Each structure stands twice: as C-alpha cells, then as structure tokens.
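K.L.:
Chains as they are written, first to last, in this note's numbering: chain D, -7 to 312; chain L, 240 to 509.
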Amino acid sequence: MNLMKLIKRGLWSLIPLSIFLATPSCRDCDAYSNPSSYAVGAFYDKNDYSKVLTQDFEFVNGIDGPEITKMANGKYLLPLKVTSRETGFSFVMPGMADTTYISYFTSVEVNGPDCGAYEQITGLKVSPTEGGTGQDFYRGEFGALFDSVIVAWPTVSADTISENIRFIVDVCDAEEKSPSRNLIVTYFDIETGNPREELFSEIFIKGRENDDPIYDGSDRFSTIYLPLDGDETTTFVFRQKINGMNVDQEMKVVFNNTTTISDDETGCIFFNGTGDVLLESGGVTGKEFEFPDGPHFKKMQIDRTTVNTNPSFPNVKLFI
Amino acid sequence: MLSYLSKIFTIALFLLGGISTAYAQNESGELNSDSTEIAQDSTEIEEEPWPLNKKGEPKGSEFFVLSGMRLGTDLRPLFQSMSEPNMNAYTFYADIMIRNAFFLTGEYGMMDRTRENPDADFFRYRSNGSFYRFGIEYNVMKRASVANALSFGFKYANSTFDQSADYYSSGNGYWEEGATLKHLTEKNVNVDWYEITVSLKLAIVQNLTLDFGFAYTIKKDFPPTAITKSDIPGWYFNKDDRSRLNFQYRLLYRIPFWPIYTEPRQKKKQ
C-alpha cells in the first residue's frame, strides 16, 4: 500500500517536469527571410516629411560601384559590403553631388536548428567622410545637397519599405523663393587683375535692341546683373559709342535651366536652378576666351557655372 | 564524456532516492504516507532534540538557527542531456535552512550545448560555459510544515560562456561578394540576471525533497554580442534577450546535521 502510494506520488511529481519538457517545443522560430545586405535609403524634403522625394538623381552608386537604380517606391537599396565595415555612396544630381559613408557591424542571428543562423548587418551609422566617426545623425555643410542624414533604423532586414537611412534635403519652397536667373558679370582690369568700373552706353540681349536696354549708360558699375533669356543660350551685347559710332562686343552664354543648385542665402536646394554656364565663341563652348582685338574685353572667363545671388562669386569675369 | 558523467550522476541520484526511501521505511517502520501528516505533526517538532544553550534556547543567535543543509541537482538539464544528443548540462545545488523560514541557496552548473541543422551543413551553434546563482528564499509554510515548503525568493545569477557559430553569409552581388560559410567565436561572454522565484518543496520520502517552481528571470546585464546568445548556461534558451519565466525541477537531499527547528504552532483552543 505504502509502495503504491510512493509510486503514485512519484508519478504525480513528474507532471511538472513533463509540462516543462513539452514547453520548449513551442518556442517561436523566426522566418529565414531576414538576411539582407542592402540598406534602404529614402529621401525626404526637410519641410515635408510626409512623402518620399521623387526627384530623380542623375546617378547613385556605391563608390567604385555601378549605378544603383531606384525602386518603384522611390527608395534605393544601398548595397553594403559584407567583407568590410564601411561602404560609401555617391549621390549625383545635375550640378550637385553628395557622399555618405555608412558604417556597421555584422552579427550572427541564431534562430535554432530549424531556422539556422544568418548574418545580420546592424549598428548602422553615418558619416560624411570616409573613415569618419559614425553617427546616428549628421548635418551637412551649408549649401550641401543633404541638409542632414539620419539613421532611421540601424538593423538591415529584407524589408524594402522601412528605410534604414533618411537623406534630408532642404528643398526651397517654390511659393516663397525662386531661383535667380540673373547672370552676375564683373569687370576686371586685365593689367592689375582687380575689379574695375566701366560704363557702357547700352547693354542688351541680342535681337532685342529695340526693347528697353538692360543698362543704358547712366552709371558706372563693376558688377552687373544680366537676366538670362531662353532655356539654353543668351547673347548679350555690350555697346559703347566711340566717335559717334556704335562699337559692340557680344558675349554668348550657354546654360542649363534644370540644374540642382543651392541657394546662396538660405542653403536650400533648387532642383530647377540655372547651371552649367559656359561661354560660346565661334561655335566653340568653353570657360575662357581671349579677344586680343577687343573691342571692349580682352578676355572673358567663366568663374561660376551656377547662377545664384551672391555677387561675390560672379559667373563671368570680363577683363578690360 | 560529460554526457556520460551527467547520466551516471542522474542515475546515482535516483538510486540515492531509492536508498533513502528504503532507509526511511526501515527506520520508522512505516513510511509517512502523506506529506500533510508530516507537516501538521507539531508534537514531533517540539520533541526534536535541538541543542539548547544555557538559557534553554536553541544554539546560535536568536534568529540564526541552522536547521539543515540540502544538496541536490536540477533535473531539468539532466533530463535534457539524456534526451538531446548535443546537450550536456548539470548543476549542483545547496541550501542552508535557517530555522524553517529562510533558505540561503547557492547553485553552480555547467552546460555544453550544440545546435545543428541536421539537413544542412551551414549551421552549427555551440554554447559552452558555467553559471552560478545564489539568493535567499522565504518559506511561507514555515509553521505549517517541516517537510514541505512554499517559498518565494530573490536570487542573483551570473553566467560565463564561450559561443561559436558556423553560418552562411550571402555576400553581396553588387560588390561581387559571393556567398560563403563563415565561423565566428566569442570567448568569455558574461551575463547576469536576477530571479524572482516561487517554488514548492514537497517531501517524497524522508529527507528527499522535490523542489519545483518557476523563476522569473530579469536580465541585468546582457552586453551585445556578435552572435545571438541563443543558449546561456543557467538561463538556457534565450529568446531576444528578454526576461522570461524559467522552470526548475530539483531533487534535494537534506543532510540531517541538525533537526529542523521551527517555532511551535500555537495550540488550538480547547
């Protein structure tokens, strides 16, 4: 009787153990779909975080790698080197470019015998310079393409929707600000190399000499603003009256009105700014032309290819 | 070898339980058939030949009265060692009973566990190390029973282990990095945690007690590691480094150095 009770007691005491032994088999086993070595990058307007910027880059690539194409959702899959702890990326817009370095480390996620283990890239950090200290956030320099770069989620997974890195662009508000279309031209003394004032009787756009001139010779200037006309080229005529005769010299500039530029005053970004400014003479485009015979300018030189508002950086230097 | 030893150890414990059973039967002539009877027999307690001091009080301080020492092991890792081919684990447990109210506990254990995918050769994880835990338990049945106990405790645990993994790296095609098998080892990973425990200690035969209960493990310091801490000695399976409920199932043998001292139950009103 006592032996039977002892056996019964022993069997009852095994119940908790059997519960435990059954329990481990219930543990979760994560799906094996997580491994990825592609971080998701997305671009946002600093003034509107509600939607991803759809602006097309001219070129996005891992540094020394081929071009990376944009996904249908407007985001980019940024391939991270598995054999390294840092990967750099280059983002090129027409007229502007920026670079970001993503640093990280890899860990081994163990899921159990049924799911195995996989390599996971985690601890994402960003830096504007190669080998720089990785940060969760960095602010770009004034006028840089990226206002800031933020690590939104530091672990890379196969998810192509949730971004790991957010690139913030301070897009200029079109209602408050528009890009400048005024070419900044400064006269220089060819002997001294210093700016000098000059008076022209008229400065006008070629073909519009019957319209009001841009300048009519009432004052002397060293720097003038010449409004660009058209989408690709504008030819300005500089006229002086010498001995009652009109003596003209033309300056033809070519440009691109869909260039990404940074506003001189605020640093915000215009995607439809004017850039790629070059001179054209005799059917040849270039940055510098010399005219030994003048009649007014001995040399024309492009100093800044983007049209902006800071007069300290003229687009064209005209040497007299 | 470790597996072999742990299995021998398990068998020895069961034999010890059987011997104790036989001994208990021979000594008393009749086995206490119901643990409740043991618990409620206060007359026996009052008649225990507890060594008294000159004042007629139990020896030791007024509070610190040793009532016994128990040795044992957690059956859970032993059963797992027997049932799983790539796991070898065992523990040594000891506690000191202060009166019948407080149990000062200490435990030391080892674990060597390998997880493999039998269908593929690209996964192997191994965790190998030791742990210790100590703490105190309070017996809320201190007056109701001398053989059984329901205790609540608080403990600290610390585990140090090595872990390694063979795993598959998919590489990145963009950078022309091909898929490779990799191996990673981490040495001397140290984690510690707290445990809030509740356990029921039931006498199955004289001096032999089953101690089963739960420990809510609260992680204290789980430093990040390159390999997921999948199996931690003492913590066992680790899921996402989250605090969890753990299970214990110990077999304890009380070394009867001293009789169990407990405060006499108040006499029932006539």
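For glycine and all other residues, C-beta sits at the position ideal for the given N, C-alpha and C. As the structure is a prediction and not an experimental result, all values here were calculated from the model.
Anyone know if the C-beta pair for L/F461 and L/N427 falls short of 9 Å?
P.N.:
no
K.L.:
Tell me which residues of the segment 52 to 72 of chain D have at least one Cβ-Cβ distance to chain L shorter than 8 Å, keeping chain order.
P.N.:
From the segment 52 to 72 of chain D, only G54, G57, P58, I60, P71 and L72 have a Cβ closer than 8 Å to chain L.
K.L.:
Give the secondary structure of L/R519 by DSSP, where H, G and I count as helix, E and B as strand, and everything else as coil.
P.N.:
Because residue 519 of chain L is not part of the residues shown, which for chain L are 240 to 509, the question remains open.
K.L.:
What does the Cβ neighbour count give for L/D470, buried or exposed, with the cut at 16 atoms within 10 Å?
P.N.:
Counting Cβ neighbours within 10 Å, L/D470 comes out buried, since at least 16 surround it.
K.L.:
Using the Cβ count rule (16 or more neighbours within 10 Å means buried), how would you classify D/S210?
P.N.:
exposed
K.L.:
Going residue by residue through the segment 98 to 167 of chain D, where are the continuous beta strand (DSSP E) segments of at least 3 residues, counting only ones entirely within it?
P.N.:
108 to 119, 129 to 131, 140 to 143 and 157 to 161
K.L.:
In the structure shown, what three-state DSSP assignment does D/T297 receive?
P.N.:
coil
K.L.:
Does L/K421 come out as helix, strand or coil in the three-state DSSP assignment?
P.N.:
Strand.
K.L.:
Taking D/N156 as the reference, give the member of D/S82, D/P71, D/W145 and D/V163 with the closest Cα.
P.N.:
D/W145
K.L.:
Beta carbons nearer than 9 Å to chain L: which residues of the segment 72 to 94 of chain D have them?
P.N.:
L72, K73, V74, T75, S76 and T79
K.L.:
Let me see if you follow: with CB-CB separation under 9 Å, is D/Y110 close to chain L or not?
P.N.:
yes
K.L.:
With 9 Å as the threshold, decide whether the Cβ of D/V143 is near any Cβ in chain L.
P.N.:
no
K.L.:
I'd like the span of the beta strand (DSSP E) that includes L/Q487, first residue to last.
P.N.:
It spans R483 to I494 - the beta strand (DSSP E) in which L/Q487 sits, taken as one unbroken run.
K.L.:
Between the C-alpha atoms of L/N271 and L/S369, what's the straight-line distance to the nearest angstrom?
P.N.:
Residue placement at L/N271 is flagged as unreliable, the pLDDT there being 37, under the threshold of 50; the coordinate-derived value follows with that caveat. Cα-Cα distance, rounded: 38 Å.
K.L.:
Quick one: give me the first and last residue of the beta strand (DSSP E) that D/L70 is part of.
P.N.:
Y68 to P71
K.L.:
Give me the chain L residues within the contact set of D/V102, using Cβ-Cβ distance strictly less than 9 Å, ordered along the chain.
P.N.:
Close to D/V102, with beta-carbon spacing below 9 Å, are these residues of chain L in chain order: R354, F362, Y364, Q402, A404, Y406, I466, T467, K468, S469 and D470.
K.L.:
Does D/D208 pass the burial test, meaning 16 or more other C-beta atoms within 10 Å, or should it be called exposed?
P.N.:
exposed
K.L.:
Could you tell me the boundaries of the alpha helix (DSSP H) in which L/F318 lies?
P.N.:
L314 to S322
K.L.:
Measuring only the C-alpha atoms, how far is D/E122 from D/V44?
P.N.:
27 Å
K.L.:
Can you look up D/W4 in the DSSP assignment and give me helix, strand or coil?
P.N.:
helix
K.L.:
Where does D/Y24 fall in DSSP's three states?
P.N.:
Only weak support exists for where D/Y24 lies, its pLDDT of 49 falling under 50; the value from the coordinates is given anyway. DSSP places D/Y24 in coil when its eight states are reduced to three.
K.L.:
For D/G126, collect the residues of the same chain with a Cβ closer than 7 Å to its Cβ; drop the 5 residues on either side in sequence, then sort them by chain order.
P.N.:
S95, K117, V118 and S119
K.L.:
In or out: D/T226 buried (at least 16 other Cβ within 10 Å) or exposed?
P.N.:
Classification of D/T226: buried, given that the 10 Å Cβ count is 16 or more.
K.L.:
According to the neighbour-count rule (16 or more other Cβ atoms, all chains shown, within 10 Å of its Cβ), is L/P316 buried or exposed?
P.N.:
buried
K.L.:
Is any beta-carbon of chain D found at less than 9 Å from that of L/R493?
P.N.:
no
K.L.:
Where does D/N(-6) sit, in a helix, a strand or coil, going by DSSP?
P.N.:
Helix at D/N(-6).
K.L.:
Among L/N327, L/L343, L/N339 and L/G417, which one has its Cα closest to the Cα of L/L310?
P.N.:
L/L343
K.L.:
Of the choices D/K233, D/V299, D/M88 and D/R158, whose alpha-carbon is the least far from that of D/T252?
P.N.:
D/M88
K.L.:
Using only the alpha-carbon positions, how far apart do D/S17 and L/N485 sit?
P.N.:
Interpretation of D/S17 is limited by its pLDDT of 45, a score under 50 that renders its predicted location unreliable; the figure taken from the coordinates is listed afterwards. Roughly 14 Å separates the two Cα atoms.
K.L.:
Have a look at L/D351, L/M336, L/S408 and L/W414 and flag the residue whose alpha-carbon is nearest the alpha-carbon of L/G345.
P.N.:
Proximity to L/G345 across L/D351, L/M336, L/S408 and L/W414 peaks at L/M336, based on C-alpha coordinates.
K.L.:
Answer yes or no: does any C-beta atom of chain D fall closer than 9 Å to that of L/T282?
P.N.:
In this predicted model, L/T282 has a pLDDT of only 40, less than 50, meaning its place in the structure is not dependable; the value taken from the coordinates is given anyway. False, the Cβ-Cβ gap to chain D never drops below 9 Å.
K.L.:
Going along the chain, which residues of its own chain have a beta-carbon closer than 7 Å to the beta-carbon of D/W4, five neighbours each way excluded?
P.N.:
none
K.L.:
Please list, in chain order, all residues of the same chain as L/F361 whose beta carbon is under 8 Å from its beta carbon, the five residues on each side excluded.
P.N.:
D405, Y406, Y407 and L420
K.L.:
Specify, as a first and last residue, the run of the beta strand (DSSP E) that D/F264 falls within.
P.N.:
Note that residue 264 of chain D is Asn in the sequence shown here, rather than Phe. Looking at the DSSP string, the run of the beta strand (DSSP E) that includes D/N264 is I261 to S273.
K.L.:
Which residues does DSSP list as the beta-bridge partners of L/G368?
P.N.:
L/M350 and L/F400
K.L.:
Along chain D, in chain order, which residues have C-beta atoms closer than 7 Å to that of L/N378?
P.N.:
Going along chain D, no residue has its Cβ under 7 Å from L/N378, so there is no contact; the nearest lies around 19 Å.
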